[in-house]
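Trainee: Right, I'll just put the structure down here and ask away after.
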């Protein structure tokens, strides 16, 4: 929602100020989540004195914050009372199973945020100002936060991804889950196929989160973990399926090809790799969420990008995959790109 | 422009992520201004290698930044070439007389930005985390930056404000310009009425900027300055007109009334005060830019606010003004609120 309405085709200073003040939306939403405001809104009655008591906040601060959230479409206001919008009720009230409020923790992690404070420097040099390999430095603790807090954003994509990957395949199945994170994707495959066995790879501290999630899902007896870099640890196998979720975008095409070759070598002939990615159209400026993700890769990695399908297809081919297809996930901004290990 | 299109009435996680990523819009626009990208775009031809040479930036960084700016509506893209939108051409290309790029300096000043990093704390306490009186501490250097960089945002409102204030009044006129800043408003009155004399009040370092602007406009022989706090320095007079631009929102109603009484005492009977303010509707959540300005006052002051017209009218009456009227400025998000010193 733009701060000022714009007339199609007419110059709009509101569009400029909307961007210059963008950080205030982030700050307001993060503060509301931290103060547990959306729970208090859901519990009612929604007048400022009640909300302030419930959140241990001042009345002045509560009123102004709620007004701002109303302006940006994340609360509603009737008279002096605030309530949920359909969006805040579903995605920000902690009582909702679809609540994504926890994602604010990873998305606000210093590893993600701080490079944006020096973005001009990043654009000059062409790579992150973070040390070393940036976000993909070994054992970066940000990925533990990712595993803890990003599951609600990824969960709606797990069932569709599982369906695409399994494609009705029953019976014993060996699955390698690279950069498993919270583990939800491999766990979902194990839930959809009771004879699937999962081997999850990630940093050791991250795998603790995945293992807890596997136990919660009741698949721990078919869930193994292997700590280390996806570029270095042995993959075992041969596997029927390799999951590569939210991973390839951290690297440039030659590095992706190197990794995909290693994946290819760990697959049975005819086995499949499935990457979950932000895949912009070939124009690189649509759809908005996938296209704008490139900026996060510019800021936090040395050479990553939101690769287009043409780029991903070329990498897959070079690494020995064919029958390559994309499956946009209807429940999220991501696309699953599937390739099959050539029968050579 | 939301990162994901939303269907009216349907819950939209895009609306949530749009807010969580809001800071990236700020960072991208600030980086582009710092790198003088909008000038390079205007000069063409707009391909990545040319832009990177012109801005001394990397090609990877340039491409990704330009794509992001295209997604948020501040550039256009045709094939591999970037160009201006009608908005960026008018408001971001430094060759345009309406360019507002310099406002990024004040709007990104640590005094404005840093309290937003601790917004939950601000909402708890009900006032700024800045020391003392926050942004209105004596001689706060941020106001020198305001005077230097905010003129392009304020300039389009100067002529309408001058017209409203003078209302056709010719002949000798004594004008007091409180919190003059860049001085543009008082200077405009002096330009519209060649017999007007201006007395400008602000911090000493700020008045240096106003004096330079007065000399540039050729009105320096009718332009005097007086350094100090608007609450403490003598106003002289009696004056015909007092300008109070972008000032009352820093204070709570009792403090505004105290100041307005001092203004009333310095006016001739029948003289007028004109405040330039962000004035939200009585619902406090519209129009968006005026309503959302309250959050900046919460973050940077102890008790300021974007006051509604009903609140301003009550303050004016209590201080001895009547015949109070609002004049929305067609060229900006502000409203001029005029009151007349009662003939008592």
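Chains as they are written, first to last, in my numbering: chain A, 1 to 344; chain B, 1001 to 1344. For each residue, glycine too, the CB sits at the ideal point set by N, CA and C. Bear in mind that the values here come from a model prediction, so they are computed numbers and not experimental data.
1. At what residue ranges does the region 149-194 of chain A contain a whole run of the alpha helix (DSSP H), taking only runs of 4 or more?
2. Tell me the rounded alpha-carbon separation between residue 320 of chain A and residue 1050 of chain B.
3. Taking C-beta to C-beta, are residue 257 of chain A and residue 273 of chain A nearer than 7 Å?
4. Please classify residue 271 of chain A: does DSSP put it in a helix, a strand, or coil?
5. Which residues, in chain order, does the region 181-203 of chain A contribute to contact with chain B at a C-beta distance below 9 Å?
6. Tell me, please, whether the region 86-104 of chain A touches the region 24-38 of chain A by the rule of three or more beta-carbon pairs shorter than 8 Å.
7. Give the interface partners of residue 1091 of chain B over in chain A, defined as CB-CB distance under 7 Å, in chain order.
8. Can you tell me where the alpha helix (DSSP H) with residue 1016 of chain B in it begins and where it stops?
9. What is the rounded straight-line gap between the Cα of residue 70 of chain A and the Cα of residue 76 of chain A?
10. Return helix, strand or coil for residue 1223 of chain B, following the three-state DSSP convention.
11. Three-state secondary structure (DSSP) at residue 127 of chain A?
12. Answer with buried or exposed for residue 345 of chain A, where buried requires no fewer than 16 other C-beta atoms within 10 angstroms of its C-beta.
13. Just to confirm, is the Cβ distance from residue 94 of chain A to residue 39 of chain A under 7 Å?
14. For a contact meaning CB atoms closer than 9 Å, what does residue 1062 of chain B contact in chain A?
15. For residue 1005 of chain B, which residues from the same chain have a beta carbon less than 6 Å from its beta carbon, with the 5 sequence-adjacent residues on both sides left out?
16. Here's the rule I'm using: 16 or more other beta-carbon atoms within 10 Å means buried, otherwise exposed. How should residue 20 of chain A be labelled?
17. Where in the region 253-316 of chain A do unbroken runs of the beta strand (DSSP E), each at least 3 residues long, occur, reported from the N-terminal end onward?
18. Examine the Cβ distances between the region 173-180 of chain A and the region 188-199 of chain A and report whether three or more of them are shorter than 8 Å.
19. Around the C-beta of residue 1145 of chain B, are 16 or more other C-beta atoms found within 10 angstroms, so that it is buried, or is it exposed?
20. Going by the beta-carbon positions, is the gap between residue 1026 of chain B and residue 14 of chain A smaller than 7 Å?
21. Taking the straight line between their C-alpha atoms, what separation do you get for residue 1001 of chain B and residue 123 of chain A?
22. Which residues in the same chain as residue 237 of chain A place their Cβ atom closer than 6 Å to its Cβ, once the five residues preceding and following it in sequence are excluded?
23. Using the Cβ count rule (16 or more neighbours within 10 Å means buried), how would you classify residue 1231 of chain B?
24. Using a Cβ-Cβ cut-off of 8 Å (strictly less than) and excluding sequence neighbours within five positions of residue 1121 of chain B, which residues of its own chain qualify?
25. In terms of DSSP beta bridges, what is residue 82 of chain A paired with?
26. Interface residues of chain A around residue 1074 of chain B at Cβ under 9 Å?
27. Report buried or exposed for residue 1240 of chain B, applying the criterion of at least 16 other Cβ atoms within 10 angstroms of its Cβ.
28. Output yes if chain A places a C-beta closer than 7 Å to the C-beta of residue 1048 of chain B; else output no.
29. Which residues bound the alpha helix (DSSP H) around residue 1134 of chain B?
30. Quick check on DSSP: helix, strand or coil for residue 95 of chain A?
31. Which word fits residue 1193 of chain B, buried or exposed, when buried means at least 16 other C-beta atoms lie within 10 angstroms of its C-beta?
Mentor: On the basis of the coordinates in this document:
1. 151-166 and 184-192
2. 36 Å
3. no
4. strand
5. none
6. yes
7. 11, 13 and 16
8. 1013-1020
9. 5 Å
10. strand
11. coil
12. Nothing can be reported for residue 345 of chain A, as the shown portion of chain A is limited to 1 through 344.
13. yes
14. 123 and 126
15. Only weak support exists for where residue 1005 of chain B lies, its pLDDT of 46 falling under 50; the value from the coordinates is given anyway. Nothing meets the Cβ criterion.
16. buried
17. 267-277
18. yes
19. buried
20. no
21. Note that residue 1001 of chain B has pLDDT 38, beneath the 50 cutoff, so the model's placement of it is unreliable and the number below is only indicative. About 23 Å.
22. 266
23. exposed
24. 1129
25. A:77
26. 15, 16 and 19
27. buried
28. no
29. From DSSP, residue 1134 of chain B is part of no alpha helix (DSSP H); its letter is neither H nor E.
30. coil
31. buried
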